[in-house]
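Inspection log for the structure reproduced underneath, given as structure tokens.
In UniProt numbering, the protein residues as written are 1 to 762.
Pasting the structure below:
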């Protein structure tokens, strides 16, 4: 959304070289840079063109081959936001913030943190994106098909302050304040502290989204060529979600379906069974229109980085970090009786907790034409997941619970559907060499070794079957994922001025996920129902292994830049789940090992700069992802029988994407138009349902006033999201994907909205 334009790639001479990283050609306006086996960066200038407060993943979504969708324009509702990169979902990518692994970007994960909750977007200086093989030296236990590395802005050397105020449709307000200390002493000590506050209402209801963050960063130079940095972020998000929809409900009731909040009386009546008769023909049944749904999160993340020069040709870099997450996701549960009050509905709350601590350290040694990098990463993650039910009040006997809490107003939880605890220890070692064989030919090669053990499992269940399908003790035990040799090779040949060829190969492994019973979004061995099933998986299951290949060419001149690359990957033992239901005893998901999947694809991009200030960019992406093994999927609902997964396409990811951008800068004014096309996306595993293709356009403009009185860099910006008010499906599979047919697991994309921001520095 927002001012997302062409993505500008710069060469960062201080950035480390990563093995197995395909080159990416991207441009911005008339300035073009082509990476030569160095970090590929979405720069601060491009990030500043986003709507302030927007999820920075939207900027990544402008790259060819990347599909980003969000139910709300700002991306605050992380339940309704997703990223796919060349057929890999956002829990299959390696993600870091200043070297700290963020891992899984999905909501309710027990293994990571979404970047929107990890740092204020205004204070992110650049994003390095590697599509395809990923990086050998990146600390991650989720990296299968690419990496995203986010870097925080450094404190300014001059004391000052930055303030921005945004306004927009549906009562949107956004405030950002940052104070920089400037240099405090001769050694160069400096820091900043920033605060942001975001508020918006739903485009289909009065329920609000609220998020506030505080982040701080300290830089302490050590001598002339070493430094220590420390950083910390606190985030609090209280979000009312959008109503999850089904294809059937959209067809029957149209696009304007909403949660019933604050109409508790209507929700109460529906829960008593007085709901529209048409609901009975839908897969969502009495969950078709809920009273409320949402999420509340608190996250704390911090770390210390040391970058030390030990000798002229030797550096040592180390990161120490910790992350604490407290997340609650909620649904009102119609028909689930509240025994403490007599109300015919209750509040179902999924409570996820994480405590991650770890370090990453490596040495970089230069000798001749070689740069050798070797190091290790270790992390301990203590995590838990449970689902509880809380009393709602009888009608007229008190205010209903709010979806963001507190939940104990009418007593403690009266039932637990299931509860799990795990402890995960991850160790990764890598070694790599960048060899400059010729002035125009470089080879980067190396390998990593990974060992991860997760121990734990279920400690509570629901013997009645009223609150979950786990009516017996769930599995407990440990699972170990190990790979001694995961190689990666990157070749880069600049055979003529402006011409470049590159090749990339890597093998990656993703360890088993710690996920609870019936986990639809994060399938793992603990989601099965019995101990015997788990014990059998310990004997037969192996972690997912992917082999990725990329071959590309690019050209650059004064008037145009162009690039094309093709890629292929083989995915072995990818775990998927077939979901049904949405809550209570009806919620279910089947565990499926897809055994083998294969994908072929290509991305092409062309940017023309015919006159100063004008840039026209077009990109097209094609992906053919199919399951390649004979895996039976047996249905027991409306359509009975067993069907073969072989030949079916991946759900949720478009086969074809087209992205166009027209931008023009004249003196202090600039404007842009983005137009994106996404082809149809498969909805069910058996591909018998899908969501249609759509076009999405955004328009924006800004004017830089410069110095106004005692203020500096005064800038005004205006953005129109969804310019033509297209009706489209954004998020898919938030409650999982059905094996066949329909279920309540899609969300509508935002309607046309307007945003304006004034920013100034002092």
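C-beta atoms are modelled at their ideal positions from N, C-alpha and C, and glycine is treated no differently. Nothing here was measured: the structure is a model prediction, and the numbers come from that model.
Coil, strand or helix - residue i by DSSP
i: residue 56; result: coil
i: residue 759; result: strand
i: residue 695; result: strand
i: residue 265; result: helix
i: residue 547; result: strand
i: residue 27; result: Here residue 27 scores only 33 on pLDDT, less than 50, and its place in the model should not be relied on; the value that follows carries that caveat. Residue 27 falls in the strand class under three-state DSSP.
i: residue 46; result: helix
i: residue 271; result: helix
i: residue 753; result: strand
i: residue 790; result: Because the chain spans 1 through 762 in this model, residue 790 falls outside it and cannot be assessed.
i: residue 764; result: Nothing in the structure corresponds to residue 764, since the chain is present only between 1 and 762.
i: residue 305; result: strand
i: residue 162; result: strand
i: residue 388; result: strand
i: residue 287; result: helix
i: residue 169; result: coil
i: residue 396; result: coil
i: residue 280; result: helix
i: residue 318; result: strand
i: residue 715; result: strand
Length of the line joining the Cα atoms of residue i and residue j
i: residue 564; j: residue 507; result: 22 Å
i: residue 611; j: residue 218; result: 42 Å
i: residue 105; j: residue 117; result: 10 Å
i: residue 48; j: residue 124; result: 9 Å
i: residue 54; j: residue 74; result: 4 Å
i: residue 452; j: residue 423; result: 11 Å
i: residue 532; j: residue 463; result: 18 Å
i: residue 34; j: residue 707; result: With a pLDDT of 41 at residue 34, under the threshold of 50, the predicted position of this residue should be treated as unreliable, though the coordinate-derived value follows. Approximately 34 Å between the Cα atoms of the pair.
i: residue 477; j: residue 415; result: 25 Å
i: residue 140; j: residue 212; result: 27 Å
i: residue 99; j: residue 282; result: 47 Å
i: residue 240; j: residue 406; result: 14 Å
i: residue 469; j: residue 459; result: 15 Å
i: residue 769; j: residue 305; result: The first residue shown for the chain is 1 and the last is 762, placing residue 769 beyond what the model contains.
i: residue 567; j: residue 650; result: 16 Å
i: residue 398; j: residue 126; result: 49 Å
i: residue 390; j: residue 330; result: 11 Å
i: residue 481; j: residue 167; result: 49 Å
i: residue 340; j: residue 410; result: 7 Å
i: residue 86; j: residue 92; result: 11 Å
i: residue 600; j: residue 43; result: 29 Å
i: residue 718; j: residue 171; result: 16 Å
i: residue 348; j: residue 191; result: 43 Å
i: residue 373; j: residue 365; result: 6 Å
i: residue 743; j: residue 90; result: 22 Å
i: residue 495; j: residue 484; result: 35 Å
Beta-carbon proximity check, residue i vs residue j, cutoff 8 Å
i: residue 242; j: residue 80; result: yes
i: residue 336; j: residue 345; result: yes
i: residue 122; j: residue 156; result: no
i: residue 736; j: residue 652; result: no
i: residue 673; j: residue 697; result: yes
i: residue 361; j: residue 318; result: yes
i: residue 739; j: residue 514; result: no
i: residue 701; j: residue 758; result: no
i: residue 678; j: residue 670; result: no
i: residue 774; j: residue 552; result: Outside the shown range of the chain, which is 1 to 762, sits residue 774, and nothing can be said about it.
i: residue 559; j: residue 606; result: no
i: residue 643; j: residue 686; result: yes
i: residue 690; j: residue 655; result: no
i: residue 417; j: residue 454; result: no
i: residue 69; j: residue 730; result: yes
Cβ separation of residue i and residue j, assumed to be a contact under 8 Å, to the nearest whole Å
i: residue 694; j: residue 658; result: About 12 Å separates the two Cβ atoms, so there is no contact after all.
i: residue 302; j: residue 321; result: 7 Å
i: residue 546; j: residue 569; result: 6 Å
i: residue 509; j: residue 487; result: About 12 Å; that fails the 8 Å criterion.
Where the beta strand (DSSP E) containing residue i begins and where it ends
i: residue 643; result: 641-644
i: residue 662; result: 656-666
i: residue 456; result: 441-461
Residue range of the unbroken alpha helix (DSSP H) whose run includes residue i
i: residue 534; result: 531-540
i: residue 115; result: 115-118
i: residue 253; result: 247-253
Residue-chain proximity (residue i, chain C), Cβ-Cβ < 8 Å
i: residue 279; result: Absent here is chain C; the protein component of the structure consists of one chain.
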